[in-house]
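**Student:**
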Amino acid sequence: MENKEINRINKQFRELNNRHNNIYQFVILYYNYIISKHDYGTGEEVSMIEAHTITYIEENPGTTVSDLAKYWNRTKAALSQTVSKLEKKGYIKKEKSKDNKTTFHLYVTDKGLELSEAHKLYDTIDISKTMGQLKEKCSDQDIESFFKVIEEYIVLINNDFK
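Residue 95 in UniProt numbering is what sits at position 95 of the sequence shown, and the numbering runs on without skipping anything.
#1: Look at Leu134 and Ile143 and say whether their C-beta atoms are less than 8 Å apart.
#2: Using 8 Å as the threshold, is the C-beta distance between Glu136 and Thr42 below it?
#3: Rounded to a whole number of angstroms, what is the C-alpha to C-alpha distance between Cys138 and Thr102?
#4: Kindly indicate which three-state DSSP category Thr63 falls into: helix, strand or coil?
#5: Where does the unbroken alpha helix (DSSP H) through Lys37 begin, and where does it stop?
#6: With a CB to CB cut of under 7 Å and the five nearest residues on each side skipped, what residues in its chain are close to Asp160?
#7: Decide if Val108 is buried, meaning its Cβ has at least 16 other Cβ atoms within 10 Å, or exposed.
#8: So, helix, strand or coil for Phe31, using DSSP?
#9: Less than 8 Å between CB atoms is the rule here; does Arg8 satisfy it with respect to chain D?
#10: Cα separation between Ser128 and Ser80?
#11: What did DSSP end up calling Tyr91 once you bin it into helix, strand or coil?
#12: Taking just the CA atoms, how far does Asp67 sit from Thr82?
#13: Pick out whichever of Leu16, Thr64, Asn158 has its Cα sitting closest to the Cα of Ala77.
#14: Ordered along the chain, which non-local residues of its own chain (more than five positions away) have a Cβ less than 6 Å from that of Lys93?
#15: Please return the same chain residues whose Cβ sits closer than 7 Å to the Cβ of Glu58, not counting the five positions on each side in sequence.
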């Protein structure tokens, strides 16, 4: 390659990379937020993944690890670990399927129901607060466009894994 071509590619790379660094930073920050522990109002700390898993089970009683893995786009092994943690903490219970002895249906316990309800309230307040803060800097159209782009990005990434 000629020097001129290398310079053009380097310039283009820097421009694209600088713009995408915001995405990388957002993803890393949000991932760290997702895995960190929070008290959703019950006095116990759980991760966002655990809270959302409990809420999914509460809203879909009898769901399975396979259902969760498909819904969250994660492996069954990863969801099995999360489910085992939640069961040990007393948030959910497993019931063996009558049709298939290797399948377990998942249900929240009273403790899990309490956490799910607290989580829904916490997220409703937190998301409303976040949206209010975003609206101080961004228009409604900007925010809607952001969510549209995220939806399309999810499709692109999912297609990369097929």
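Even glycine gets a Cβ: it sits at the ideal position worked out from N, Cα and C. Computed from a prediction, not measured in an experiment: that's the story for all the values here.
**Tutor:** According to the structure data:
#1: One thing to note: Leu134 has its Cβ within 8 Å of the Cβ of Ile143.
#2: Contact check for Glu136 against Thr42 fails: the beta carbons are separated by 8 Å or more.
#3: 50 Å
#4: strand
#5: Unbroken run through Lys37 is the beta strand (DSSP E), 37-39; no alpha helix (DSSP H).
#6: none
#7: With 16 or more other Cβ atoms within 10 Å, it is buried.
#8: According to the sequence displayed, residue 31 carries Tyr and not Phe. Note: Tyr31 maps to helix in three-state DSSP.
#9: The chain labelled as chain D is not found in the depicted structure, where only one protein chain is given.
#10: 32 Å
#11: coil
#12: 14 Å
#13: Nearest C-alpha to Ala77: Thr64.
#14: Result list for Lys93: Tyr107, Thr109, in chain order.
#15: Val108, Gly112, Leu113, Ser116
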